[in-house]
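Note that this note's numbering has the sequence shown beginning at 113, numbered continuously upward.
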Amino acid sequence: MAERNVIDIFEPIRREATLVDLVTVQIEELIYAGGLAPGDVLPPERELMRQFGVSRMVIREALARLMGRNLIEARPTGMHITAPSAESVGQSMTLLLRAGSPIPEYAKIMEVRRLLEIEIAGLAALRHDETDVALMRSLLEEAAQSLDDMDRFPALDVEFHRALATATHNELFVILIDTLRDSLLRTREIGSTVPGTPARALSHHTLIFEQVCKRSVEGARAAMAAHMAEAEVTLRSAALNARAQSSIDDKS
């Protein structure tokens, strides 16, 4: 594949906070939009520093993140854009969800989750084994001890949903949940701004678990449907709060 050097395509970073995130996202967006194609060579570090207006440390950390996501790779001739891989699907989906659309990001995610996870819950009730039950119970117990840990609880929340997918004994459901992982964590981040969200989520997870253990397919599906409805209300409330706060900030 022919190499193509790319110059003067990045914009200086205007904010002081999370510079690494901002640099990473700008490069990611160019990759997913086709502005950077597989085989293209990124400018050298010094040139990236100039274009973004940030330090060498910021550039290096951003490049390390992109390498960790299999979006770029180091070669003797520089940092090359890689071909799309399964590992980057989740990140790609997250960026696409954030693209301009009349449908909010959280609403897109919830539409998909309703279709996917209600079915997962029913199949988990039908097919789970003792190992699946032990994993889900362990995750719920740890979550109960982590309600005030806003780093750990969201991860445990997502792991519980993955454990349900595993309990279907259909690996494609696990792959789908793994692909959605970044988006799921994003909705947890949004919802965490609403007081009491972790406790409500844990309560719903416990009800789902109880129905799965009873092998009640319809009970598990109904419990998951109720969980999805509650999550959507929480996300809508968080979005309204964010807009209200933004309006206040604009006026101040």
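The beta-carbon is built from N, C-alpha and C at its ideal position, and this holds for glycine as well.
VAL345 burial status per 10 Å Cβ neighbour count (16 or more: buried): exposed
According to DSSP, residues forming a beta bridge with ILE184: ILE193
Backbone secondary structure at LEU442 - three-state DSSP: Nothing in the structure corresponds to residue 442, since the chain is present only between 113 and 364.
MET340 vs GLY234 beta-carbon contact at 9 Å: no
Three-state class that DSSP yields for VAL306 in the structure shown: coil
Local conformation of HIS316 per DSSP, three classes: helix
Nearest-angstrom beta carbon gap, VAL132 and ALA174 [assumed within contact, 8 Å]: 5 Å
Euclidean distance between Cα positions of ALA279 and GLU322: 14 Å
Inter-residue spacing [alpha-carbon to alpha-carbon] between LEU227 and THR243: 26 Å
Any 3 or more C-beta pairs closer than 8 Å across the region 306–317 and the region 282–295: no
Within 9 Å, strictly: CB atoms of LEU142 and LEU148: yes
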